[in-house]
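With this note's numbering, the residue at position 2 of the sequence shown is 4, and numbering never jumps. Beta carbons are placed, not taken as given, at the ideal position from N, Cα and C, and that holds for glycine. Predicted, not measured: the structure shown is a model, and the values here were computed from it.
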Amino acid sequence: MEENKHYKVVIIGSGPAGLTAAIYTARADLKPLVIEGVQPGGQPTITSEIENYPGFPDGILGPQIMDNFRLQAEKFGTTYITDAVSKVDLKQRPFRITIGRKEITSDTIIISTGASARLLGLESESRLMGHGVSACATCDGWFFRDKEIIVVGGGDSACEEAVYLTKFASKVTLIHRRDELRASKIMQRRAMNHPKIEILWNHVPIEFIASETGGLDSVRLKNTQTGEIHFLKCQGAFIAIGHQPNTELFTNSLELDKNNYIVTQPGTTKTAIPGVFACGDVQDSIYQQMVTAAGSGAMAAIDTERFLTEEEE
Ligand code: NAP
């Protein structure tokens, strides 16, 4: 990477929103730089089959479609840095972006840092993370061949992960804090009708208990209706309780809503700072779909191009 380089557009984040913004800004000849972050390709790279992205009637693997996005953006002149941003200075233009010990400047910034898996916040959860507890079925499912596991959550992610994990596990118990799933009807049906999946309603984990060998032995559960406590043997636990936006870099510079999502002007991707745009899951607490993220990436690119054109006039 060249030091002190200046760009017209820097895109922070490389999921569907960021790479769509890259395709559009590259085709507008703005020569965007994408800073890919620690998880290039974003959330689709840790999911399995994507069945609801239009244009793929037989589905497509998450990592495969993101490779395609990346190649498409590269073809039109996007360049990449595979590293994480440590600091962004939005106080004056050009904006300054620090990556490790290097700094670059840009006339505009498109923020597409996405969201990360939310966790329960239990001490035993963090202690056993990677030792029986996981937040990524696609990454870790393989380790639980013929084991009994639990999945925590009641949304699309939890149902999708539960079904996916039946490929490996001998039994999957889906544990949900209410008596009704939040997931879409089709995902609910798949989970509820699967012979290897049992649903335990009205329960939440309160402690993960380690085995003598250091893995997971069982989980202590609380009934959310009665307060009753009981134990369930399981060798794996997958937490799938939603996501939180990756906005740590912007807590002091941009307006965030009560759930820490970046606030954009309605119907646009504009933040309160001229020249700074946000798209995808980092500013969308409602839809959070790959296709909506890609759509807002296109909006951010168009907003950016118009902003730069108006400035030149
Ligand atoms: P979500 O829809 O927000 O669901 C989170 C689930 O976790 C909810 O059932 C929630 O319970 C539960 N939960 C939250 N905090 C909890 C806690 N502290 N303890 C116990 N349970 C807790 O999140 P998601 O499933 O990740 O989905 C996010 C978005 O991505 C949605 O728009 C979804 O449609 C989309 N998505 C789509 C697909 C697909 O179409 N293939 C796959 C994955 C995700 P409550 O229901 O009680 O609130």
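- [ ] Consider the C-beta atom of Ile208 and the heavy atoms of the ligand NAP; say whether any pair is separated by less than 7 Å.
- [x] Here residue 208 is taken as the residue at index 206 of the sequence shown, counted from 1. No, the beta carbon of Ile208 sits no closer than 7 Å to any heavy atom of the ligand NAP.
- [ ] Pick helix, strand or coil for Arg222, following the three-state DSSP scheme.
- [x] Along the sequence shown, read from residue 1 onward, the residue named residue 222 stands at position 220. Strand, per DSSP.
Task: Ala295 beta carbon near the ligand NAP (any heavy atom closer than 7 Å) - done: Looking up residue 295 in the sequence shown gives position 293. Checking the Cβ of Ala295 against the ligand NAP gives no.
TODO: Below 7 Å CB to CB, which residues in the same chain sit around Leu121 once its five sequence neighbours on both sides are set aside?
DONE: Locating residue 121 in the sequence shown gives position 119, where the first residue counts as 1. Hits under 7 Å: Glu127, Ala137 and Ile241.
Task: Residue nearest to Pro34 in terms of C-alpha spacing, selected from Asn204, Thr306, Asn248 and Glu314 - done: Residue numbering aside, residue 34 sits at position 32 when the sequence shown is read from its first letter. Closest option to Pro34, Cα to Cα, is Thr306.
Task: Closest residue to Asp181 among Val174, Met189, Thr168 and Leu202 (Cα-Cα distance) - done: For the purposes of this step, residue 181 is taken as residue 179 along the sequence shown, with counting starting at 1. Nearest of Val174, Met189, Thr168 and Leu202 to Asp181, Cα basis: Leu202.
Open item on the list: So, under 8 Å CB-CB, Glu38 and Ile67 are touching, yes? Tell me the CB distance rounded to an integer number of Å.
Closed with: In the sequence shown, counting from the first residue as 1, residue 38 sits at position 36. In the sequence shown, counting from the first residue as 1, residue 67 sits at position 65. Incorrect: roughly 16 Å between the Cβ atoms, too far for contact.
Task: Helix, strand or coil at Ser136 according to DSSP, with G and I counted as helix - done: Here residue 136 refers to the residue found at position 134 when the sequence shown is read from its first residue. Note: Ser136 maps to strand in three-state DSSP.
Open item on the list: Tell me whether His196, by its Cβ, gets closer than 7 Å to a heavy atom of the ligand NAP.
Closed with: The residue given as residue 196 occupies position 194 in the sequence shown. False, no ligand heavy atom lies under 7 Å from that Cβ.
TODO: Go ahead and pull the three-state DSSP assignment for Glu214.
DONE: Taking the sequence shown and counting its residues from 1, the one referred to as residue 214 is at position 212. Here Glu214 sits in coil by DSSP.
Task: Tyr289 CB to nearest heavy atom of the ligand NAP below 7 Å - done: Along the sequence shown, one-based indexing puts residue 289 at 287. Yes, Cβ of Tyr289 sits closer than 7 Å to a heavy atom of the ligand NAP.
Open item on the list: DSSP three-state label for Arg28, please.
Closed with: The residue labelled residue 28 in the question sits at position 26 within the sequence shown. As written in the sequence, residue 28 is Ala, which differs from the Arg given in the question. Residue state, collapsed to three classes: helix.
Task: Through-space distance from Thr228 to Val40, alpha-carbon basis - done: Numbered from 1 along the sequence shown, position 38 holds the residue referred to as residue 40. Numbered from 1 along the sequence shown, position 226 holds the residue referred to as residue 228. Approximately 42 Å between the Cα atoms of the pair.
- [ ] Decide if Cys141 is buried, meaning its Cβ has at least 16 other Cβ atoms within 10 Å, or exposed.
- [x] Taking the first residue of the sequence shown as position 1, residue 141 is located at position 139. That one is exposed.
TODO: Mind checking which residues open and close the beta strand (DSSP E) that includes Ala117?
DONE: Here residue 117 corresponds to residue number 115 of the sequence shown, with the count starting at 1. Its beta strand (DSSP E) spans residues Ala117 to Ala119.
Task: Short Cβ contact (8 Å threshold) for Gln291 with Tyr263 - done: Residue mapping note: residue 291 aligns to position 289 of the sequence shown, counting from 1. Residue mapping note: residue 263 aligns to position 261 of the sequence shown, counting from 1. No.
TODO: With hydrogens ignored, establish whether the beta-carbon of Asn54 is closer than 7 Å to any heavy atom of the ligand NAP.
DONE: Position 52 of the sequence shown, counted from the first residue, corresponds to residue 54. Within the cutoff, so yes.
Task: Reference Thr80; option with closest CA among Asp219, Gly269 and Ile13 - done: The residue given as residue 80 occupies position 78 in the sequence shown. Looking at the Cα atoms, Ile13 is the closest of the given residues.
TODO: Could you check if Arg147 is buried or exposed, using at least 16 other CB atoms within 10 Å of its CB as the buried criterion?
DONE: By 1-based counting over the sequence shown, the position of residue 147 is 145. Counting Cβ neighbours within 10 Å, Arg147 comes out exposed, since fewer than 16 surround it.
Open item on the list: Output needed for Val87: all residues of its chain with C-beta closer than 8 Å, excluding positions within five of it in sequence on either side, in chain order.
Closed with: Counted from its first residue, the sequence shown places residue 87 at position 85. Answer for Val87: Ile14, Ile37, Gly39, Ile99, Thr100, Ile101 and Leu251, listed in chain order.
Open item on the list: In the DSSP output, which residue or residues are listed as bridge partners for Gln246?
Closed with: In the sequence shown, counting from the first residue as 1, residue 246 sits at position 244. In DSSP, Gln246 forms a bridge with Ser118.
Task: Beta-carbon gap between His133 and Gly238 smaller than 8 Å - done: Position 131 of the sequence shown, counted from the first residue, corresponds to residue 133. Position 236 of the sequence shown, counted from the first residue, corresponds to residue 238. Contact flag unset, no.
TODO: Look up Tyr9 in the DSSP assignment and say whether it is helix, strand or coil.
DONE: In the sequence shown, residue 9 corresponds to position 7, counting from 1. In this structure, Tyr9 counts as strand in the three-state DSSP scheme.
- [ ] Consider the C-beta atom of Arg192 and the heavy atoms of the ligand NAP; say whether any pair is separated by less than 7 Å.
- [x] The count along the sequence shown starts at 1 and reaches residue 192 at position 190. Outside the cutoff, so no.
Task: Secondary structure of Gly43, DSSP reduced to three states - done: In the sequence shown, the residue the question calls residue 43 occupies position 41. Three-state result, Gly43: coil.
Open item on the list: According to DSSP, Glu239 sits in a beta bridge with which residue or residues?
Closed with: Counted from its first residue, the sequence shown places residue 239 at position 237. Rather than Glu, the amino acid found at residue 239 in this sequence is Ala. Answer by DSSP bridge pairing, in chain order: Val135 and Ile152.
- [ ] Note the first and the last residue of the continuous alpha helix (DSSP H) segment covering Val165.
- [x] Against the sequence shown, residue 165 aligns to sequence position 163. Looking at the DSSP string, the run of the alpha helix (DSSP H) that includes Val165 is Asp158 to Leu167.
Task: Bounding residues of the alpha helix (DSSP H) (the contiguous stretch that carries Leu325) - done: The structure shown does not extend to residue 325, since the chain is modelled only from 3 to 315, so the question has no answer here.
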